[in-house]
Amino acid sequence: MALIYIVEDDESIREIEEISLRNSGHIVCSFENAKDFYRKLEDVLPDLVVLDVMLPDENGYEIVRRLRRQSVTKRLPIIMVTAKTTELDMIRGLDDGADDYIKKPFSIIELITRVKALLRRSVETEEKSLSVGTVTIDNERRILLLSGEQVDLTFKEYELLKLLMQNQGIVLSREVIMQKVWGTDFEGESRTVDMHIKTLRQKLGAEAVRIKTVRNVGYVLE
Numbered sequence: 031m032a033l034i035y036i037v038e039d040d041e042s043i044r045e046i047e048e049i050s051l052r053n054s055g056h057i058v059c060s061f062e063n064a065k066d067f068y069r070k071l072e073d074v075l076p077d078l079v080v081l082d083v084m085l086p087d088e089n090g091y092e093i094v095r096r097l098r099r100q101s102v103t104k105r106l107p108i109i110m111v112t113a114k115t116t117e118l119d120m121i122r123g124l125d126d127g128a129d130d131y132i133k134k135p136f137s138i139i140e141l142i143t144r145v146k147a148l149l150r151r152s153v154e155t156e157e158k159s160l161s162v163g164t165v166t167i168d169n170e171r172r173i174l175l176l177s178g179e180q181v182d183l184t185f186k187e188y189e190l191l192k193l194l195m196q197n198q199g200i201v202l203s204r205e206v207i208m209q210k211v212w213g214t215d216f217e218g219e220s221r222t223v224d225m226h227i228k229t230l231r232q233k234l235g236a237e238a239v240r241i242k243t244v245r246n247v248g249y250v251l252e
């Protein structure tokens, strides 16, 4: 059983989400705007947030960025619910820090399954730090250090590098990377992974050679 906050201004959709999650054994609080959501966050931190993109007072992208900037909510699991289905819209939400997304209209089974999967991932333990060569990631502070110097990464760049380092020497397909880092499948959208690998390599400098491309498969960190 988890405490889940729903932020959705459409009453009919909000009601469907509430009933579905309560019937799955969760405790649910719902809000129709960002203001009320923020107020409740000050009292109790939930286990997961189901967040609509289009809200009357603040859009979901801004809310995610704000939550990721604050230490108490930077690791809060977030699923974005959106009617925006273009590749750029999806990448934007995920890069801002959302852990998963659901496209409207969606089924009750899809919502419950994605919530269950994200809750499971969020409780998995992880090492405090990982290192290879002069590359070190600090999982407690979520930062990258190159030869001791901090390098800024986006939320998804960090998650991508962490996945590669956790599986050093193992070839990861683009499909696996999409599932593990983005928590979903962008069918046929391998360009998303390639784009993030490219920017990550640029930030790794001389250490970028450690990320090898395996043709027609994916990537491996050596």
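Take the sequence shown: its letters are residues 31 to 252, numbered as in my numbering. Glycine residues also receive a C-beta, built at the ideal position from the N, C-alpha and C atoms.
Between the CA atoms of residue j and residue i - distance to the nearest angstrom
i	j	result
Leu-71	Gln-198	38 Å
Ser-161	Glu-92	32 Å
Lys-210	Leu-193	8 Å
Thr-112	Glu-88	14 Å
Arg-95	Thr-184	11 Å
Val-239	Met-208	22 Å
Gly-248	Glu-205	8 Å
Asp-82	Val-250	35 Å
Lys-104	Asp-73	17 Å
Sub-9 Å separation of residue i and residue j beta-carbons
i	j	result
Ser-130	Lys-186	For the record, residue 130 in the displayed sequence is Asp; it is not Ser. Cβ distance not < 9 Å, so Asp-130 and Lys-186 don't count as in contact.
Leu-97	Leu-85	no
Val-165	Glu-62	no
Asp-182	Lys-233	yes
Ile-132	Leu-118	no
Leu-148	Gly-235	no
Pick from the options that is closest to residue i, judged by C-alpha positions
i	options	result
Trp-212	Arg-122, Arg-99, Arg-44 and Glu-47	Arg-122
Asp-77	Pro-135, Ile-34 and Tyr-68	Ile-34
Lys-146	Glu-252, Ser-159 and Leu-51	Leu-51
Val-79	Glu-47, Gly-55, Leu-190 and Ile-138	Glu-47
Chain C within 9 Å of residue i, Cβ atoms only
i	result
Val-83	Among the chains of the structure shown, chain C does not appear; only one protein chain is present.
Residues bridged to residue i [DSSP beta-bridge criterion]
i	result
Tyr-249	Leu-202 and Thr-243
Ile-57	Leu-33
Glu-179	Leu-176
Ser-159	Asp-168
Lys-65	In DSSP, Lys-65 forms no bridge with anything.
Ile-132	Val-111
Next on the checklist: Which complete beta strand (DSSP E) runs does the segment 73-111 hold, if anything under 3 residues is left out?
Outcome noted: 78-82
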